[in-house]
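First up is the structure itself, then whatever we jot down about it.
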Amino acid sequence: MSTVFRNGDDDDNDDAKDQVFDVWTPFGDCGFDFQTGETYLVYADSDEDTNIMETDNCTRTRRLSDAGSDLAYLYFYKERKAAAGRLEGFTTFDTLYQVKQRDADRIDSPAPAVTVELKSASGMRYTRSDPSGKFLFDGLEAGDYQLSGYAPGFPDTVKLLSGPKRFHIDTRGCSNQVLLIPKVP
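Here my numbering is used: the first residue of the sequence shown is 421, the next is one more, and so on.
Right, dumping it as structure tokens:
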């Protein structure tokens, strides 16, 4: 498949031209079904010997209209180099989540609507886990963090469900964290 890739506003080369190269994807269940006329954010592996790039359904390749969180991370990575860290995580009721093999897009026993607090030396940020238990923080500086989960109703009702869980993010780094939420009988 031949694809046109735009360099965007490359700071190193104001006269950057569009580049055309092939991206290969396998047939069958693992292949990525590119559609003519759509624009994609492609994650691919490159073979230096053959100059072939390959992608499949197991990468984060997706239509640009579905790549919002990745585009946010890439923005911070390019524009705010000191604050380009990312934290992806999920909340779950599953006490065996560490020993089970899991699909990153499907979480067993997700804990939705948990208020997630991210605390660092520079302050606190909050988000809520989505219906599949996932949460995301972008634009993080390198440093030590604490992650906590609160019951729905926060901040009017403060009931700590999980944490604080300590972790570190390197400059422009990524971290994946899980908050185990106890099931209320």
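Cβ atoms here follow ideal geometry from the backbone N, Cα and C, with glycine treated the same way. Quantities reported herein were computed from a predicted structural model and do not represent experimental measurements.
Counting only the Cα atoms, residue 602 lies some 8 Å from residue 515. Sequence-distant partners of residue 512 (beyond 5 residues in either direction) whose C-beta falls short of 8 Å from its own C-beta, in its chain, are 527, 528, 529, 530, 531, 553, 598, 599, 600, 601. Per the DSSP secondary-structure output, residue 561 pairs with nothing in a beta bridge. Sequence-distant Cβ neighbours of residue 496 in its own chain, meaning closer than 6 Å and more than five residues away, are 504, 558, 559. Residue 480 sits close to residue 463, with the two beta carbons spaced by under 8 Å. Look at the stretch 505-591 and you find these whole runs of beta strand (DSSP E), each 3 residues long or longer: 505-512, 535-540, 543-548, 554-560, 563-570, 580-589. Contact between residue 587 and residue 555 is absent: CB atoms are separated by about 14 Å, not below the 8 Å threshold. For residue 568, the number of other beta carbons within 10 angstroms of its own is at least 16, and it is reported as buried. Shown here, residue 476 sits in coil according to DSSP, grouped into three states, outside any helix or strand. Non-local C-beta neighbours of residue 582 in its own chain, meaning closer than 7 Å and more than five positions away in sequence, comprise 568, 569, 599, 600, 601, ordered along the chain. When secondary structure is reduced to three states using DSSP, residue 453 falls in the coil class, being assigned neither helix nor strand. Using a 10 angstroms sphere on the CB of residue 507, the tally of other CB atoms reaches 16 or more, which defines it as buried. In the DSSP annotation of this structure, residue 485 is not part of any alpha helix (DSSP H), being labelled neither H nor E. For residue 469, there is no enclosing beta strand (DSSP E), since its DSSP letter is neither H nor E.
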